[in-house]
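So for the sequence shown, this note's numbering puts the first residue at 509; every next one is plus one.
Here a beta-carbon is modelled for each residue, glycine too, at the ideal position from N, C-alpha and C.
Computed from a predicted structure; not experimentally measured.
Below: the structure, in structure tokens.
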Amino acid sequence: MRLLVIYTFVFLLVCVGANAQGILEGRVFDYNTNLPLNKVNVSNVNSGRIVLSDSTGRFKVRAQKGDVLALHLSGYVPDTVLLLDLNPREFHLQIKAHQLNAVEIKGVKINSSTWVDDEFHGQTARYQYNKDGSRKGGLVFRFWYWNKDSRKERRMLGRLKNYELQDEIDRLFNLAFIAEHIPLKGTDLLDFRSLYRPSVKLYKSPGFNMLLYLNDSYREFISLPPEKRKLPPLAPFAP
Numbered sequence: 509m510r511l512l513v514i515y516t517f518v519f520l521l522v523c524v525g526a527n528a529q530g531i532l533e534g535r536v537f538d539y540n541t542n543l544p545l546n547k548v549n550v551s552n553v554n555s556g557r558i559v560l561s562d563s564t565g566r567f568k569v570r571a572q573k574g575d576v577l578a579l580h581l582s583g584y585v586p587d588t589v590l591l592l593d594l595n596p597r598e599f600h601l602q603i604k605a606h607q608l609n610a611v612e613i614k615g616v617k618i619n620s621s622t623w624v625d626d627e628f629h630g631q632t633a634r635y636q637y638n639k640d641g642s643r644k645g646g647l648v649f650r651f652w653y654w655n656k657d658s659r660k661e662r663r664m665l666g667r668l669k670n671y672e673l674q675d676e677i678d679r680l681f682n683l684a685f686i687a688e689h690i691p692l693k694g695t696d697l698l699d700f701r702s703l704y705r706p707s708v709k710l711y712k713s714p715g716f717n718m719l720l721y722l723n724d725s726y727r728e729f730i731s732l733p734p735e736k737r738k739l740p741p742l743a744p745f746a747p
């Protein structure tokens, strides 16, 4: 009789534990644009189970009350949530602030001696001399507008920095990155990249965020009529 009571008690504990677990259904969105986020890593910290959200932001994970979920996606601030129940719910992730890395220019030699006068430490004046090298009194004032070499060097540095930034934009705003965050494929994906590739001026602007810009551009793109979703054809070359 005592064994029957023990078995019954153990059976009830197992049933209660089984009923406490279930499936949590959720959906993940971008906090600013409310667009669904694909491939968000959703992990149950207590059980170690890990799932990924689909292209609509939806996911399902086995969990129970009191479990902690951790959500992570590259470019977004991670989030953790304590489950008080297993009702379906929505999650919103915030984009990390964009910081433009410093661009280092290498391989350019600048002849700084053309910019300064040794005796006057860069001032726009020097002493006057006789032909034999002796001083004859007075000063000669220099005006820097004539220094073509320094202007050329500054222009060269500007162009090189621009090229570096163009390459950096191409590395970041590539087809794989775009396809990972917005549901475009094939020619639509190619046309989108051609239309919305950020300019250097926009990329360098304060507060620019690549993911936020991508989401805003996608919303604008899908609102365009089909004929406007591609670059106009090039005019034929006239010899």
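Check	Outcome
Report the three-state DSSP secondary structure of P734 (helix, strand or coil).	helix
Taking DSSP as the reference, what is the three-state secondary structure of K693?	coil
Among all the DSSP beta bridges, which residues are the ones paired with F567?	G534
With DSSP run on the structure shown, which of helix, strand or coil describes W654?	Residue placement at W654 cannot be trusted, given a pLDDT of 47 that sits under 50; what the coordinates show is reported in the next sentence. Of the three classes helix, strand and coil, the one that applies to W654 here is helix, per DSSP.
At which residues does the beta strand (DSSP E) containing V550 begin and terminate?	N549 to N552
Flag L543 as yes when its Cβ comes closer than 6 Å to any non-hydrogen atom of the ligand COA, and as no otherwise.	Summarising the ligand content, the structure contains no ligands, and the ligand COA is consequently not present.
Please report the straight-line C-alpha distance between W623 and S702, rounded to a whole angstrom.	Only weak support is given to the placement of W623: the predicted model assigns it a pLDDT of 45, under 50, and the value that follows is read from those uncertain coordinates. Their Cα atoms are separated by approximately 42 Å.
Under the three-state reduction of DSSP, which class applies to L683: helix, strand or coil?	helix
What's the gap between the Cα of K693 and the Cα of R659?	46 Å
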